[in-house]
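In what follows, a structure is listed as structure tokens, so that the remarks can point back to it.
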Amino acid sequence: MNLTMKETAAKLKAAEKILVTAHIHPDGDAIGSTLSMWLALRQLGKSAQIYLDDVIPTNLLFLPHVDAIKRPTADEKFDADLLVVLDTSTDRIGKVAAMTDAPILNIDHHVTNSNKDDNDLYLEHDAAATCEIMLALCHELGVEVTKEIATCIYTGIVTDTGFFNYSCTTSKTFHAAAELVDLGVEPNYISEQIEKRTLADVKVMSAALQTMQLYFDGKVAGMFIDAEIEKMADTTEGLVDLIRVINTVEIAFILRYQDEKTCRASLRSKGMDVSKIAKSLGGGGHIRAAGCTLHTNFDDAKNILLKTLGEYFKA
Ligand code: 5GP
Ligand code: MN
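Next up, the structure:
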């Protein structure tokens, strides 16, 4: 069922033991929204815990209370009366899904969230980030937006908007950012932390650029992080943007090796709907930023992705 903001706040207020999670391959919005939700719930006197079935990217370890995020072990259970799933549909939370049978409250901004299992869902697909929703939700809940909460929320907003560059950025986003700065957020500090890369990752950037190929009269650009390059990489976040800027390019992608039978694709566009392409391959996302996991080897994944892109350009 689709909920209003008021109903969403009421669900949170009614619960006592709350398990908070977000999508695997977490980004600033996933982690910023779980941490701000956790801080808000604790302020309301709830017993809350964050579980995320993945590693936290190094450049997000600066976030306040990031140590509170736990990773579930094999069959770990959690006694909850509500499972809050942030920044994703409920199928991308890994082992956390099996930790509890509690009812789900899903809060998201992805157009591709089709709410297959008919959970309680607050979906605002024109919100720039789940963290933008989190700010409004804090107000609805009567939670004081402390500097710590504001820092988490601001981080999610700037990572999902590419520092206010992407088309999802609206005046609402700027109003939210201004409010957060008034609450003590330090934009320069946060930008510096988020943009930090290891030397190895800068080398990965160079190696990845060497693999770049153009397709379909230069309308598509792709980069290939194979097993060898992957070994050196900490994060590949932002790499795809290096080639999206090429003037002929309408869609840029990066294909990343995970293991012999798994690859991940990230797609970015200047206006064409890549969420449709990702969805047709079992993934999802936004119109201009989407992704999917391909359960096959690297060469096949590359062929499948290019074939799908080719069909899309023909249509
Ligand atoms: P990225 O390319 O940065 O991993 O993801 C771009 C956007 O697409 C993000 O909003 C992310 O949540 C979404 N996305 C990436 N991979 C998947 C996927 O496998 N399934 C779905 N539903 N969304 C995805
Ligand atoms: Mn997001």
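In terms of my numbering, the numbers along the sequence shown are unbroken and rise by one, the last being 801.
The C-beta atom is built at its ideal place from N, Cα and C for all residues, glycine as well.
None of the values given here were measured: they were computed from a predicted structure.
Within 10 Å of its beta-carbon, does residue i have 16 or more other beta-carbons around it, so buried, or fewer, so exposed?
| i | result |
| --- | --- |
| residue 616 | buried |
| residue 507 | buried |
| residue 794 | buried |
| residue 788 | buried |
| residue 772 | buried |
| residue 722 | buried |
| residue 560 | exposed |
| residue 713 | exposed |
| residue 664 | exposed |
| residue 569 | buried |
| residue 547 | exposed |
| residue 631 | buried |
If you drop the 5 nearest sequence neighbours on each side, which residues of the same chain put their C-beta closer than 6 Å to that of residue i?
| i | result |
| --- | --- |
| residue 768 | 778 |
| residue 555 | 536 and 538 |
| residue 680 | 545 |
| residue 626 | 491 and 495 |
| residue 572 | 508, 519, 520, 593 and 616 |
| residue 702 | 799 |
What does a CB cutoff of less than 7 Å around residue i pick up in its chain, not counting 5 residues either side in sequence?
| i | result |
| --- | --- |
| residue 734 | 704 and 705 |
| residue 567 | 501, 502, 503 and 588 |
| residue 662 | 618, 621 and 643 |
| residue 743 | 711, 712, 713, 716, 749 and 784 |
| residue 669 | 631, 633 and 636 |
Does the beta-carbon distance from residue i to residue j come in below 8 Å?
| i | j | result |
| --- | --- | --- |
| residue 505 | residue 586 | yes |
| residue 725 | residue 694 | yes |
| residue 609 | residue 599 | yes |
| residue 614 | residue 646 | yes |
| residue 729 | residue 755 | no |
| residue 527 | residue 638 | no |
| residue 676 | residue 640 | yes |
| residue 606 | residue 497 | yes |
| residue 629 | residue 529 | yes |
| residue 739 | residue 780 | no |
| residue 618 | residue 643 | yes |
| residue 558 | residue 581 | yes |
| residue 698 | residue 691 | no |
Just to confirm my understanding: we take residue i, look at its own chain, exclude 5 residues before and 5 after, and list those with CB closer than 8 Å. What are they?
| i | result |
| --- | --- |
| residue 686 | 718, 719 and 720 |
| residue 549 | 517, 518, 521, 637, 638 and 641 |
| residue 565 | 503 and 586 |
| residue 601 | 488, 575, 592, 607 and 609 |
Tell me, which residues are paired with residue i by DSSP?
| i | result |
| --- | --- |
| residue 507 | 571 |
| residue 739 | 708 and 753 |
| residue 778 | 751 |
| residue 834 | Residue 834 lies beyond the stretch modelled for the chain, which goes from 487 to 801, so this question has no answer here. |
| residue 798 | Answer by DSSP bridge pairing: none, since residue 798 is not bridged. |
Evaluate the contact criterion for the segment 649-658 versus the segment 507-523: three or more CB pairs, one atom per stretch, below 8 Å.
Too few Cβ pairs lie closer than 8 Å, so no.
Closer than 8 Å is the cut-off here; do at least three beta carbon pairs connect the segment 572-583 with the segment 748-757?
In this structure the segment 572-583 does not touch the segment 748-757; the number of beta carbon pairs closer than 8 Å is below three.
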